[in-house]
Amino acid sequence: MDQELHFETLAIRSTHFKDYQTYSVSSPIYPTTTFERMADGSYPGGHVYRRMSNPNQELMEKSIALLEKGEVGIGFSSGMAAMSAIFQSLEAGDHVLLPDDVYYTLIKFLEDVMKRWGLVFSRVNMADLQSVAQSVRSTTRLIWVETPSNPQLKLSDIAALAKYAHAQDILCVVDNTWPSPVLQSPLELGADIVVHSTTKYFGGHSDVLGGCIVLHEGAMAEKLRSIQILGGAVPSPFDAWLITRGIKSMHLRVQAQSQSALTLATFLEGHTKIEAVHYPGLRSHPQHDIAVRQMNGGYGGMLSVLIRGTAADAMALTKRLQLFTTATSLGGVESLVEHRKSVEGETSPTPDNLLRLSIGLEHVDDLIRDWERALS
89 MDQELHFETL AIRSTHFKDY QTYSVSSPIY PTTTFERMAD GSYPGGHVYR RMSNPNQELM
149 EKSIALLEKG EVGIGFSSGM AAMSAIFQSL EAGDHVLLPD DVYYTLIKFL EDVMKRWGLV
209 FSRVNMADLQ SVAQSVRSTT RLIWVETPSN PQLKLSDIAA LAKYAHAQDI LCVVDNTWPS
269 PVLQSPLELG ADIVVHSTTK YFGGHSDVLG GCIVLHEGAM AEKLRSIQIL GGAVPSPFDA
329 WLITRGIKSM HLRVQAQSQS ALTLATFLEG HTKIEAVHYP GLRSHPQHDI AVRQMNGGYG
389 GMLSVLIRGT AADAMALTKR LQLFTTATSL GGVESLVEHR KSVEGETSPT PDNLLRLSIG
449 LEHVDDLIRD WERALS
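Sequential numbering from 89 applies to the sequence shown in my numbering.
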């Protein structure tokens with residue numbers, strides 16, 4: 089497919105299924121677990137068994153790979169399943185470098201599961217390249233980048249980190265879930281692997297769970313595909329169909345959510361009852377220059393707010409908001425608010441007074457009025 093096409097066009101064309109039996113414009117769903125074999129031993133459709141491949145999953149994988157400017161897409165049943173596969177590709181005794189602010193479930197997975205396998209990890213301020221260099225060990229095999237970070241929206245310079253990692257023969261992996269490929273292209277910036285929770289902006293409607301890895305052809309792609317097939321954590325045909333459908337409108341949703349997030353962040357930053365607002369689109373953000381350089385056409389639909397008060401005050405505020413549903417996750421059409429510390433637990437470095445916001449598709453003026461009422 090022509091890579092020179094605009095993102096919106098690629099999203100539509102890459103998810104178009106050629107149905108030469110019924111000529112349906114919309115993709116059919118293939119719930120079958122197995123595929124017929126011919127007398128000569130061949131599989132004319134290219135599919136053998138559900139765990140290995142499926143037409144819906146294949147269409148989704150190819151589309152996401154194209155949009156992320158990669159060559160190989162590998163779909164999973166959740167974002168954590170996709171992340172897990174990357175760490176399962178490493179060896180016992182390998183060291184992984186993580187940001188100091190990173191998705192908390194990933195830390196729990198490494199602590200509770202991968203540590204028993206002999207995997208070692210440490211955390212560093214990924215925005216400080218000198219600290220990264222000082223934290224790398226002889227056994228470091230992977231630098232994990234999450235930018236913007238969850239939930240404090242710290243930014244990391246993907247190009248600089250990838251350049252440093254490659255000089256040390258280390259893989260650079262970027263979790264691109266929050267910005268999505270609409271706003272950020274890590275592979276073009278030098279990253280080796282991109283990972284997504286497709287539950288979020290790809291699905292876009294809070295009704296599907298999924299994950300995907302994107303990278304270029306090579307030994308690592310083969311290893312990760314093997315882990316996917318043998319481990320079996322693959323998306324169902326219906327889940328793959330829902331994510332593929334979500335891809336078609338993702339550009340419009342992410343752009344609108346980003347615009348509303350910037351407007352709301354600007355309003356909240358000036359409010360006397362708000363201690364701080366973390367949003368890369370604000371000039372006050374300490375890495376705003378990185379956001380301008382590596383994010384394209386917007387700064388994302390996520391922000392975090394530190395209110396003036398305690399954890400109890402922050403929790404109480406969530407219930408005074410009428411247009412923000414108090415729930416976890418993000419990237420859907422409805423706006424969500426969540427007190428992250430109470431979800432992550434006492435060992436989390438997240439501030440007690442932090443609320444994480446996922447901005448939906450409501451009119452931003454209504455969202456601002458909702459916050460005005462709640463803060464008053």
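No residue lacks a Cβ here, since even glycine has one placed at the ideal position from N, Cα and C.
Quick caveat, the model's predicted, so the values are computed rather than measured.
In chain order, P187, V190, D263 place their CB closer than 6 Å to the CB of E234, counting only its own chain and leaving out the 5 sequence neighbours on each side. By the criterion of at least three beta-carbon pairs nearer than 8 Å, the segment 215-233 is not in contact with the segment 362-371. Secondary structure note for D263: its beta strand (DSSP E) is the uninterrupted segment 259-263. With a 10 Å radius around the Cβ and a threshold of 16 neighbouring Cβ atoms, N384 comes out exposed. For secondary structure counted as the alpha helix (DSSP H) over 4 or more consecutive residues, the segment 370-446 holds these complete runs in sequence order: 376-382, 399-408, 428-432.
By the neighbour-count definition (other C-beta atoms within 10 Å, threshold 16), T398 is an exposed residue. For G306, no pairing in a beta bridge is given by DSSP. Rounded to the nearest whole angstrom, the C-alpha separation of R408 and E124 is 57 Å. Look at the beta carbons and you see the segment 265-273 touching the segment 335-352: at least three pairs across the two are nearer than 8 Å. By the C-beta criterion, the segment 409-425 is judged not to be in contact with the segment 298-307, since fewer than 3 inter-stretch pairs fall below 8 Å.
Contact between the segment 170-181 and the segment 147-159 is absent: fewer than three C-beta pairs spanning the two stretches fall below 8 Å.
Counting only runs of 4+ residues, the alpha helix (DSSP H) found wholly inside the segment 228-255 occupies 246-255, in chain order. Residue environment: K429 is assigned as buried (16 or more neighbouring CB atoms within 10 Å of its CB, all protein chains considered). Rounded to the nearest angstrom, the Cβ distance from H427 to M403 is 5 Å, consistent with a contact under 8 Å.
DSSP, read as helix, strand or coil, puts F164 in strand.
For E363, the enclosing beta strand (DSSP E) stretches over residues 362-366. DSSP places I335 in the helix class (H, G or I) of the three-state scheme. When the beta-carbon positions are compared, P368 and A379 come within less than 7 Å of each other.
Counting only residues of its own chain and dropping the five nearest sequence neighbours on each side, Q145 has a CB closer than 8 Å to the CB of G163, V322, P323, P325, A328.
Secondary structure note for V283: its beta strand (DSSP E) is the uninterrupted segment 281-284.
Contact annotation, Q222 with S392: C-beta distance approximately 28 Å; criterion of less than 8 Å not satisfied.
Sequence-distant partners of E305 (beyond 5 residues in either direction) whose C-beta falls short of 7 Å from its own C-beta, in its chain, are E159, V160.
Of the candidates D453, H451, I456, V425, the residue whose Cα lies closest to the Cα of L442 is V425. In this structure R139 touches I317 by the C-beta definition: roughly 6 Å separates them, less than 8 Å. Straight-line measurement puts the Cα of E450 at about 46 Å from the Cα of Q256. Looking at the DSSP output, S210 shares a beta bridge with L185. Taken through DSSP and simplified to helix, strand or coil, T97 comes out as helix.
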